[in-house]
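Below is one structure; the comments refer to it alone.
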């Protein structure tokens, strides 16, 4: 892992850290376009054919049955179910609080304006397959969608060679209230949810991360008016710590992020050269015996860095430019809260020594679907807002309208819209 | 204008009303791609060349000077300035209320999570040119951007053949606190704000509607990671009214929406056959002498309809399927508020006889940038949310983390992420 003083980085080193892993979406665009077009034209038949080719399994019934979900419950451990339910409870508590309404604003006497929240009626969730299983991600999308009242909640995931979906994923879906679950993965699943097939209903917005084909499919259906949650990329953490931080904690947190994949990133900025050295040594120590050690080592060698900086403001400036998905701040005294005030770009912030990023990943109640690769400059993480819209409502009295009558007159006239002026004037005629 | 009983519409008629005007973005994609690529490669030189070709004017200094803004103030009427400022005051009041913070949620003892709002640092606004002038739209984007604290706020608009921008537009920009104003329009302006040039700084998100070239340019730069406000299309209103509504008001409101352009739509759903007939007659009567009458007539003939329905729920069901940009509800008693509860898809709702849509367009304080063409199923109108992100923050005590330790353990283990487990366990070692 690169270890350096921040202001001794070469331009090339700095740029490599900032840039992180980039994926070449152009390369697969043509293939994905073809898959989407075929799903649109042929529906379920195309889904079955792609599932045969890509997942190596013949799926007759695309929809997961109630019996399959019951078998999934029977196969998971009581400890898993208890953990999942504690996570679901905390996620529900935090997201429920996001639903609080906005009060009515009287912008002037007799003019009342407010906003009402309305669920997006049809939403879809993609859950990736392969060797990894992510029940926690099912909760992160499923719970806010249910809380806000999305009427149709669909989930797609690629089946294993035996035609099944992982039991923890099915249990998580059921716990989150997702009733429509389908065995189809890849770009073809995104196409199915965007266009609809005989079996799978079309939705207005698609959530969830997958491989490059899935990511490109989401971009392509967006052009056709089906919105996506946010651009998804490799996971990352940036940690700001001073000499009071425990190097074991900092090392463990860098590693936990890096184990997501060889393209993940973990960056430490510290005012303490001692901590920098201790963290580097701790990473080596903690890697021993860890099953994901090769992935972690590759990720930290490629996209990781331990950077010593002169002061905390310098670290925050770097973090704001980096716009990390996860930002941990471990400083003495009230340094964490003071630093937070200066943070402009981050997906989620973890304050203090006992808020490791995996707490938010799993069970604290926060949402772990967050913008990556610098997109935190622009996007929020998932919340009830992602599954709903705010509709403006206004109600005016005759006097309220009278109070803005002259302004509407002059503005409509300036804009060359006499019928706009007329719509107000007609209300005061005679 | 089509007048019919709702359940006597042919499938073709119903589909034409629902579909509204569609634009063929494919047709101009190639040209727009070429413009964007040249702006990216050649910067200001490309902007000057396109401005020469498309706007017929040689612009040396792309940036609008302070002196030009001062001259604009000198040229507008006191009535205009007063109207603009009243609108700005009401818009500020309504949008300020949207900034209210979310309180800290304790999802479990010792686990605190909240969200902080952070402005998108760099935003750009496109203002269309041509014969029409839209100072009100400048307020709608400029005021929330300033309120939420976007650091860099850029505006681009195409210059007239004499090289000037319209005085009302410049005054509105100044009133809304936009300091960086540039004389460039069309797809080239979108490219300039997306990629940056020597003169025009790059932004993260582009707002504002324009012609088809502008709309396609916004879609194309989105693929490169520059977000857009929402897909923009022709304006529309859907009105639900019973026999108590004043036909003069309803006719005026249908017309005010239709005057935006020949592709605009105005649809009335009423439980009263008498009102239907009266509104049709009123439209003819009010069209006399109106400068925009030909546009209104064309729009209402193409995309307008007066539909008699059996009851209010039938009208609401149609409206929810239509997902109108503007929805007016004019019913007796507390019918307006009861109907609002059933509205799922609309950009903005106007309740009662004294809330004509132009009130919200100009001066009530609501935002008039709203989703069109059915996009209200999916998008909210502009608000402070459009110019900011919510960053999750969490802080845990040691006991708080201990309370979810077992859940993280089992979930991380299920997901094959041992370093995630380790990041928690290391905090309880020794």
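Protein chains in written order, with my numbering: chain A, 512 to 941; chain B, 512 to 941. Quick reminder that beta carbons are idealized off the backbone N, C-alpha and C, glycines included.
CB of residue i within 8 angstroms of CB of residue j, strictly
{"i": "residue 806(B)", "j": "residue 836(B)", "result": "no"}
{"i": "residue 776(B)", "j": "residue 810(B)", "result": "yes"}
{"i": "residue 740(A)", "j": "residue 880(A)", "result": "yes"}
{"i": "residue 664(B)", "j": "residue 695(B)", "result": "no"}
{"i": "residue 621(A)", "j": "residue 914(A)", "result": "yes"}
{"i": "residue 941(A)", "j": "residue 865(B)", "result": "no"}
{"i": "residue 616(B)", "j": "residue 604(A)", "result": "yes"}
{"i": "residue 753(B)", "j": "residue 783(B)", "result": "yes"}
{"i": "residue 903(A)", "j": "residue 877(B)", "result": "yes"}
{"i": "residue 552(B)", "j": "residue 601(A)", "result": "no"}
{"i": "residue 817(A)", "j": "residue 779(A)", "result": "yes"}
{"i": "residue 738(A)", "j": "residue 716(A)", "result": "yes"}
{"i": "residue 726(A)", "j": "residue 855(A)", "result": "no"}
{"i": "residue 598(B)", "j": "residue 676(B)", "result": "no"}
{"i": "residue 724(A)", "j": "residue 550(A)", "result": "no"}
Separation of residue j from residue i, as counted between CA atoms
{"i": "residue 894(B)", "j": "residue 514(A)", "result": "43 angstroms"}
{"i": "residue 935(B)", "j": "residue 734(A)", "result": "42 angstroms"}
{"i": "residue 813(B)", "j": "residue 774(B)", "result": "8 angstroms"}
{"i": "residue 570(A)", "j": "residue 927(B)", "result": "27 angstroms"}
{"i": "residue 853(A)", "j": "residue 655(B)", "result": "21 angstroms"}
{"i": "residue 704(A)", "j": "residue 842(A)", "result": "45 angstroms"}
{"i": "residue 939(B)", "j": "residue 756(A)", "result": "15 angstroms"}
{"i": "residue 799(A)", "j": "residue 767(A)", "result": "14 angstroms"}
{"i": "residue 684(B)", "j": "residue 648(B)", "result": "10 angstroms"}
{"i": "residue 532(B)", "j": "residue 698(B)", "result": "22 angstroms"}
{"i": "residue 749(B)", "j": "residue 595(B)", "result": "27 angstroms"}
{"i": "residue 630(B)", "j": "residue 857(A)", "result": "12 angstroms"}
{"i": "residue 762(A)", "j": "residue 512(A)", "result": "12 angstroms"}
{"i": "residue 772(A)", "j": "residue 627(B)", "result": "29 angstroms"}
{"i": "residue 614(B)", "j": "residue 610(A)", "result": "12 angstroms"}
{"i": "residue 708(B)", "j": "residue 593(A)", "result": "56 angstroms"}
{"i": "residue 701(B)", "j": "residue 545(B)", "result": "13 angstroms"}
{"i": "residue 608(A)", "j": "residue 658(A)", "result": "10 angstroms"}
{"i": "residue 689(B)", "j": "residue 874(B)", "result": "19 angstroms"}
{"i": "residue 883(A)", "j": "residue 580(A)", "result": "32 angstroms"}
{"i": "residue 901(B)", "j": "residue 891(A)", "result": "5 angstroms"}
Contact set between residue i and chain E, taken where Cβ atoms lie within less than 7 angstroms
{"i": "residue 925(B)", "result": "Of the protein chains in this structure, namely A and B, none is chain E."}
Endpoints, beta strand (DSSP E) assigned at residue i
{"i": "residue 943(B)", "result": "Since the first and last residues shown for chain B are 512 and 941, residue 943(B) lies out of range."}
{"i": "residue 711(A)", "result": "First-last for residue 711(A): undefined, no H or E at that position."}
{"i": "residue 848(A)", "result": "Careful: residue 848(A) lies outside any beta strand (DSSP E), inside the alpha helix (DSSP H) at 846-853."}
{"i": "residue 865(A)", "result": "Unbroken run through residue 865(A): none, as it is neither H nor E."}
{"i": "residue 616(B)", "result": "616-619"}
{"i": "residue 517(A)", "result": "Counting along the chain, residue 517(A) falls outside any beta strand (DSSP E), and DSSP gives it neither H nor E."}
Residue i - containing alpha helix (DSSP H), residue span
{"i": "residue 701(B)", "result": "697-706"}
{"i": "residue 550(B)", "result": "537-553"}
{"i": "residue 825(B)", "result": "823-833"}
{"i": "residue 924(A)", "result": "909-925"}
{"i": "residue 814(A)", "result": "804-814"}
{"i": "residue 935(A)", "result": "929-936"}
{"i": "residue 580(B)", "result": "577-586"}
{"i": "residue 522(B)", "result": "522-530"}
Contacting residues, own chain, Cβ-Cβ under 8 angstroms from residue i (five flanking each side not counted)
{"i": "residue 929(A)", "result": "923"}
{"i": "residue 851(A)", "result": "840, 860, 862"}
{"i": "residue 568(B)", "result": "562, 670, 671, 672, 673, 674"}
Chain-order list of residues whose beta-carbon lies under 6 angstroms from that of residue i (same chain, five-residue window excluded)
{"i": "residue 885(A)", "result": "834"}
{"i": "residue 789(B)", "result": "758"}
{"i": "residue 931(B)", "result": "923"}
{"i": "residue 516(A)", "result": "819"}
{"i": "residue 669(B)", "result": "566, 640, 696"}
{"i": "residue 887(B)", "result": "834, 856, 857, 858"}
{"i": "residue 528(B)", "result": "816"}
{"i": "residue 825(B)", "result": "none"}
Contacts around residue i, its chain only, beta-carbon distance under 7 angstroms, and the 5 residues preceding and following it disregarded
{"i": "residue 559(B)", "result": "570"}
{"i": "residue 485(A)", "result": "With chain A covering 512 to 941 only, the question about residue 485(A) has no answer from this structure."}
{"i": "residue 729(B)", "result": "701, 717, 739"}
Open item on the list: I'd like the ranges of any alpha helix (DSSP H) spanning at least 4 consecutive residues and lying wholly in the segment 623-688 of chain A.
Closed with: The alpha helix (DSSP H) runs of length 4 or more contained entirely in the segment 623-688 of chain A are, from start to end of the chain, 646-659, 678-686.
- [ ] Output the residue ranges of the beta strand (DSSP E) runs that lie fully inside the segment 722-789 of chain A and measure 3 residues or longer, sorted by chain position.
- [x] The segment 722-789 of chain A contains, as complete beta strand (DSSP E) runs of 3+ residues, the segments 747-752, 776-781 (chain order).
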